[in-house]
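Under the UniProt record's numbering, the sequence shown has 608 at position 608, and the numbering climbs by one with no breaks.
Every residue gets a Cβ at the ideal spot worked out from N, C-alpha and C, and that includes glycine.
All figures in this text were calculated on a predicted structure; none of them were measured in a lab.
Worksheet: the structure to be examined is printed underneath.
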Amino acid sequence: MMDNLRAASNHVVLKILLGLIILSFVLTGVGNYLIGGGGDYAAKVNGDEISRAQLERAYNSERSRQQQMLGDQFSQLASNEGYMQQMRQQALSQLIDETLLDQYVKELNIAIGDDQIKQAIFNQQAFQTNGKFDNAKYNGLIGSMGFTADQYAEALRKQLATQQLINSVANTDFMLKGETDKLVGLVSQQRQIRQATIDVNALAAKQSVTADEIGQYYQQHKNSFMAPEQYRVSYIKLDAASMQSAASDADIQSWYDQHKADYSQPQRSRFSVIQTKTQADADAVLAQLKNGGDFAALAKEKSIDPISARKGGDMGWLEPGTTPDELKNANLTQKGQLSGVIKSSVGFLIVRLDDVQAEQVKPLAEVRDAVAQKVKQEKAVDTFYKLQQKVSEAASNDNESLAGAEQAAGVKATETGWFNRDSVPQDLDFDQVKQAIFNGGLVGENGAPGNNSDIITVDGDRAFVLRINEHKPEAVKALDEVKGQIADTLKHDKAEQQAKAQADKILADLKAGKQDAFTAAGLSFGESKTVDRNTQDPVAQAAFNLPQPEAAHPSFGVSEDMQGNVVLLVLDKVSVGSMPQGQVDQMVKGVTQNNAQIAFEALLQSLRKEAKIKYGAAAQMQ
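Below, the structure is given as structure tokens:
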């Protein structure tokens, strides 16, 4: 069997099993090898039963893992019965793989000694305290999972034996130095090429097409010439910004009197504070202050608040809204007044009131321009809403035109030209307006005008009323509209075919050692350039598909460049590049890991092919 392990593809089971640690393996289902199920089983593998309990635990474990990983997105997936059934089948498939591996371990007589089990238990961090094995922690944890020490050891023995099998497959692949050198040489290979370009656009300019060719192409490709749905619209726009008028002195004074708080600075107080851990420390500091001690010096020396201590206790100017309750409740009213010891959530405080600044109100003369602008804006918005109501009523009362709305608004409606969803006029380029136009509710029958829209408010200070004057549904463009486009396409196609045919003939001559056709076409190869496998260019990629040149005989080929021109290609030289050792090591590691995964997949496929697997009722969605 092991001779056939190198012939499959990547398998997620290897990744999962290689990443398992002993405890997590036990918690997610190994213990169920020791806990029997009822007659309602999930599967029987070569006679060994996988119980409903085993499947439910594996399924719930995967469900919890995905829920934690996907968060809110998982609730949507969980409502999909097919997705959850697939998850259940994957959980069962993994259990079957584990059972097959367990059986194969027994067949190979892989044995795990008691000393290995003890060492594995001692090495588990989950059973350690301060880096040392904790027997009480070990017994408590496995006991909470329903295991005795013997049961856990037996489950662990199975896991270690399976891990030994995995390692025997995964760790045996390697690359010889010669293989590595060949792979490095192949990956880092460089090629020197020259190229001659047949300009397809230049050839296209010389082509001709007939009316019949254009007509035939049009009939065969009508779906490529669809004209999008189009509209012509009339609309009235109301804009509060355009409705501003001069503000009178009386209006300015009135607004200022009603909004003085906006131009006031409330009373401010400046405090200094000393913060201590204990009341005894605070009492001692307070005694020193009462005996003439310097507040700033004591704050720097004694306060445990590093920010205010550096400033001698100074907390800066505080307004009522930013003053802590402890300072407010100290009821300090006189400059230089000292509090007693204040208990707070951060320790004990001693506070001094350093200064008080009375409320200050900016005079109207100082803020007149700003107040005038506020008055104009509010009057404009008020006018805007009143006019909006009038226009809305007029548009509703005369629903067959915007004449009434025009009269109410005092402006003529603006008419647009034809536009589609991708070319909306800038004045109408708002989501609310576009939704009203394109949702179909304003379109009349057979393209005729429909009804006026309701008032559409945008950003709170603009509004629209509109109606669709004309509507064209999506349709195939007329031949006259697209025949120029078709002619260009046909000419380009003909030129491309001519270029490829010309290139094929020249290529055959070049391979035969002849230059006549190449010279007659007015072509010449450009300067030599070196490309590698990472060069993102179709010509360079084509160079790596050419056979290696022999002695004085280069290899020739044909490709296309990124502009669609046909390119004749000559490969002059192939050389081996270099690769940093770190990159070589990483490449070798990737190859060997991939081979190990292939080997493990082949092992599982072989075991499944030879096994007798019978599915029970518990395998179905519950």
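Burial state of residue i (16 or more Cβ within 10 Å)
i: A501; result: exposed
i: L569; result: buried
i: L108; result: exposed
i: G313; result: buried
i: E610; result: exposed
i: Q275; result: buried
i: K106; result: exposed
i: V200; result: buried
i: I598; result: buried
i: G582; result: exposed
i: residue 626; result: The question about residue 626 has no answer here: the residues shown for the chain are numbered 1 through 622.
i: V30; result: Legend: pLDDT at V30 = 40, less than 50; position of this residue unreliable, no value from coordinates given.
i: I96; result: buried
i: L156; result: buried
i: L70; result: exposed
i: L604; result: buried
i: T99; result: buried
i: E560; result: buried
Reduced DSSP category for residue i - H, G, I as helix; E, B as strand; rest coil
i: S339; result: coil
i: I110; result: coil
i: G37; result: For G37, the predicted structure reports a pLDDT of 44, less than 50, and the residue's modelled location is therefore unreliable. The matter cannot be settled from this model.
i: E359; result: coil
i: L510; result: helix
i: L176; result: coil
i: A599; result: helix
i: K237; result: strand
i: E400; result: coil
i: G450; result: coil
i: R533; result: coil
i: K311; result: coil
i: Q119; result: helix
i: V209; result: coil
i: G29; result: The predicted model places G29 with a pLDDT of 39, which falls under 50 and marks its position as unreliable; any figure quoted below should be read in that light. Coil, per DSSP.
i: S144; result: helix
i: L23; result: Bear in mind that the predicted position of L23 carries a pLDDT of just 38, short of 50, making it too unreliable to give a figure here.
i: T414; result: strand
i: V424; result: coil
i: D305; result: coil
i: D150; result: helix
i: S51; result: strand
i: S79; result: coil
First through last residue of the beta strand (DSSP E) which encompasses residue i
i: G469; result: Looking at the sequence provided, one finds Asn at residue 469 rather than Gly. Per DSSP, N469 belongs to the beta strand (DSSP E) from R462 to K472.
i: E527; result: Here E527 belongs to no beta strand (DSSP E), and DSSP marks it neither H nor E.
i: Q195; result: Q190 to I198
i: E550; result: Neither: E550 is in no beta strand (DSSP E) and is coded neither H nor E.
i: V567; result: V566 to S575
i: S555; result: S555 to E560
i: T457; result: I456 to V458
Residues that residue i bridges to, as DSSP identifies them
i: R232; result: E470
i: I613; result: V45
i: K132; result: T129
i: residue 623; result: Any question about residue 623 goes unanswered here, given that the chain covers just 1 to 622.
i: E445; result: DSSP lists no partner for E445.
i: L349; result: Q275 and I342
i: F419; result: Y231
i: I96; result: Per DSSP, none; premise fails for I96.
i: I214; result: According to DSSP, I214 bridges with nothing at all.
Residue range of the alpha helix (DSSP H) that includes residue i
i: Q253; result: D249 to Q258
i: M315; result: Here M315 belongs to no alpha helix (DSSP H); instead the beta strand (DSSP E) covers D314 to L318.
i: F518; result: D516 to A520
i: K434; result: D431 to F438
i: F295; result: F295 to K302
i: V539; result: P538 to A543
i: S245; result: No alpha helix (DSSP H) contains S245, which DSSP labels as neither H nor E.
i: D325; result: D325 to K328
Residue-level contact to chain B via CB, residue i, 7 angstroms cutoff
i: A618; result: Protein chain content of the structure displayed is limited to a single chain, and chain B is not contained in it.
Counting Cβ pairs, one atom from each stretch, are 3 or more of them under 8 angstroms apart for the stretch 324 to 334 and the stretch 343 to 353? Segments in contact, yes.
Is there contact between the stretch 301 to 313 and the stretch 369 to 379, where contact requires at least three CB pairs shorter than 8 angstroms? No, because fewer than three Cβ pairs between the stretch 301 to 313 and the stretch 369 to 379 fall closer than 8 angstroms, the two stretches do not touch.
Using 8 angstroms as the Cβ pair cut-off and three pairs as the minimum, do the stretch 204 to 220 and the stretch 459 to 474 touch? The stretch 204 to 220, when compared against the stretch 459 to 474, does not touch it at the 8 angstroms Cβ threshold.
The stretch 572 to 586 touching the stretch 195 to 205, judged by at least three CB pairs closer than 8 angstroms: Output reads no: the stretch 195 to 205 does not touch the stretch 572 to 586.
Counting Cβ pairs closer than 8 angstroms, one from the stretch 71 to 81 and one from the stretch 119 to 134, do we hit at least three? With a cut-off of 8 angstroms, the stretch 119 to 134 and the stretch 71 to 81 do not count as touching, because too few Cβ pairs lie within range.
Is there contact here, the stretch 216 to 225 with the stretch 534 to 551, by at least three beta-carbon pairs under 8 angstroms? Contact between the stretch 216 to 225 and the stretch 534 to 551 is absent: fewer than 3 CB-CB pairs across the two stretches fall below 8 angstroms.
Three or more C-beta pairs under 8 angstroms: does that hold for the stretch 354 to 368 against the stretch 262 to 276? Touching, yes.
Are there three or more Cβ pairs, one per stretch, closer than 8 angstroms when the stretch 432 to 445 is compared with the stretch 376 to 392? Output reads no: the stretch 376 to 392 does not touch the stretch 432 to 445.
Can you find at least 3 beta carbon pairs, one from the stretch 520 to 533 and one from the stretch 147 to 164, that sit closer than 8 angstroms? Verdict: no, contact absent.
Determine, using beta-carbon pairs with one atom in the stretch 452 to 466 and one in the stretch 426 to 436, whether at least three such pairs fall under 8 angstroms. They touch, by the three-pair rule.
Measuring CB atoms only, is the stretch 485 to 492 touching the stretch 231 to 248, in the sense that at least three cross pairs come out at less than 8 angstroms? In this structure the stretch 485 to 492 does not lie against the stretch 231 to 248, because fewer than three pairs of beta carbons, one per stretch, are closer than 8 angstroms.
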